[in-house]
Amino acid sequence: MTLTNRTITRRTILKTGAASALVSSYGMPLLAQDRSLKIGSYGGYFEDSFKKYVYPAFTEATGIAVESVTEPNSTDWLVTMQQGMAAGTVPADLSLFARDSMIKASRIGGLLKPLDLAAMPATEKFDPYFVFEDTTGKIGVGAMGWFTAMVVNPQEVDVPTSWADFWDTSKFEASLGLSKNFNSQFLDIVAATFFDGEATFATRDGIVALVEKAAEIKPNVALWWSAESQMEQGMKNTDIVGGQYYYDVAGLMKADGFPIEPVFPKEGNPQDYGSWCLAALSDKDAEAAEFINFSSLPSTQALMSRNIGTAPLLDTAMLDLTPEELAGVTGTPAIRPAYQAYLDEETFIKETWDKMLAQA
């Protein structure tokens, strides 16, 4: 799953005064000067909260003005970047890319400029997984994460400790809701639960084995959902007592009093993340480095979690988030999706998955 307006329009934007506190953690602002940066991010509440909380704090700390640019989603924005490159324009200096779109941009070549991480010391605290490197250099630095999660109705069933429990027909016959899309990360869940994780996707035999294992859960699935609203309604009216859903939205439903519990089982939940990437034609290398460094600070990561509902990419021990705040946005362990396989074997995986769903 890539980050889209689905995620951002469902966020609850919390009131906070944390933005002003970031200035003191970053340092005194620079003298006013004519420095600016165009930053692309997904629209809706997501962009609105960046404009309300993150960009003003960054400008106050550095003197760099931010022009916010709305991205439709990573895939469409990639096309916009290609068109801009061909026309010699820069739609945005910095853009957010989901990992799969970043890989696509790398394969196209010439769209993104390598980043100088020496100018971004705060990025040293990131797991190397969140710094994407290709043959040209490091072209992406993690911005924030989000999870797809196990959910259950705790009033109807005992909370499972493993995804494997969903295959137990004595407990979950015709009662689960799972995403219908081949790349919705359910196969990653199967791989982490019954196989060798991402390595299982390395061969077509491995992919077939994953789909065959997924087929075994079909008697327990009441709904293969293609729209978030379908799963939401199924959980609300108790037709569905468990399944796969978005961690942040499940938390909001729980806070509103609905019987739903987002769970981190022992295998973990799939984690996606977005990265900051610099346009090849941008001349704002220095300003971009300051923003990425600012975004990577523990205080900024915490600010985004509080106000956008995203999962921090830093070790949570570095953050000032309360246990309750952390529980609302993140957990462990994290399942890392097989991004390369979904790109390299897209047609094969989709055809194998769709064939499985179509069988009685």
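For the sequence shown, the tail end lands on 400 under this note's numbering, and the numbers increase by one without skipping.
Ideal placement from N, C-alpha and C gives every residue a C-beta, glycine not left out.
Going by DSSP, which residues form a beta bridge with S322? Answer by DSSP bridge pairing: none, since S322 is not bridged.
Along the chain, where does the beta strand (DSSP E) that runs through S266 open and close? Counting along the chain, S266 falls outside any beta strand (DSSP E), and DSSP gives it neither H nor E.
Among V106, I104, G182 and Y82, which has the Cα closest to the Cα of C317? G182
With L152 and A158 assumed to form a contact (beta carbons below 8 Å), what rounded beta-carbon distance in angstroms separates them? Their Cβ separation, rounded to whole angstroms, is 18 Å, which puts L152 and A158 out of contact at 8 Å.
Find out if the Cβ-Cβ distance for the pair A132, S114 is shorter than 7 Å. No; because the gap between Cβ atoms is not below 7 Å, this pair is not in contact.
Neighbourhood of N193 by C-beta, 8 Å cutoff - its chain only, sequence neighbours within 5 removed: M275, T278, I280, V281, G282, P299, I300 and E301
Could you compute how far the alpha carbon of L118 sits from the alpha carbon of I104? 26 Å
Candidates G150, D288, D156 and T102, of which the one nearest G124 by Cα: G150
What is the DSSP secondary structure of G124, counted as helix, strand or coil? In this structure, G124 counts as helix in the three-state DSSP scheme.
Rounded Cβ spacing between V303 and P200 (contact assumed at less than 8 Å): 7 Å
If we ignore side chains and look at the alpha-carbon of each, how far apart do F234 and I257 end up? Rounded to whole angstroms, the separation of the alpha carbons of I257 and F234 is 13 Å.
If you follow the alpha helix (DSSP H) that Q284 is in, where does it begin and where does it stop? Per DSSP, Q284 belongs to no alpha helix (DSSP H); it is in the beta strand (DSSP E), G282 to Y286.
Quick check: L216 and A231, are their CB atoms within less than 7 Å of each other? no
According to the neighbour-count rule (16 or more other Cβ atoms, all chains shown, within 10 Å of its Cβ), is D394 buried or exposed? exposed
Which residues in the same chain have their Cβ closer than 8 Å to the Cβ of R403, if we skip the five residues on either side of it in sequence? Outside the shown range of the chain (41 to 400) lies residue 403, about which nothing can therefore be said.
Mind checking who G314 pairs with in its DSSP beta bridge? A138 and M184
Have a look at L155 and A97 and give me their C-alpha separation to the nearest angstrom. 23 Å
Taking 6 Å as the cut-off, is the beta-carbon of P310 closer than that to any non-hydrogen atom of the ligand ZN? Annotation note on the ligand ZN: not contained in the displayed structure, which lists no ligands.
Between which two residues does the alpha helix (DSSP H) containing E100 stretch? Its alpha helix (DSSP H) spans residues Y95 to T102.
Which runs of the alpha helix (DSSP H) at least 4 residues long sit entirely within the stretch 144-227? Give them in chain order. 209-212
Say whether chain B places a C-beta atom closer than 7 Å to the C-beta of M396. Of the protein chains in the structure, only one exists, and it is not chain B.
To the nearest angstrom, how far is the alpha carbon of K253 from that of Q225? 14 Å
Between E268, K165, G84 and P161, which has its C-alpha nearest A357's C-alpha? K165
Bridge partners of L77, per DSSP? V106
Taking a contact to mean a Cβ-Cβ separation below 7 Å, would you say G180 touches S315 in this structure? yes
Where does L62 sit, in a helix, a strand or coil, going by DSSP? Because L62 sits at a pLDDT of 47, beneath the cut-off of 50, its placement in the model cannot be relied upon, and the point is left open.
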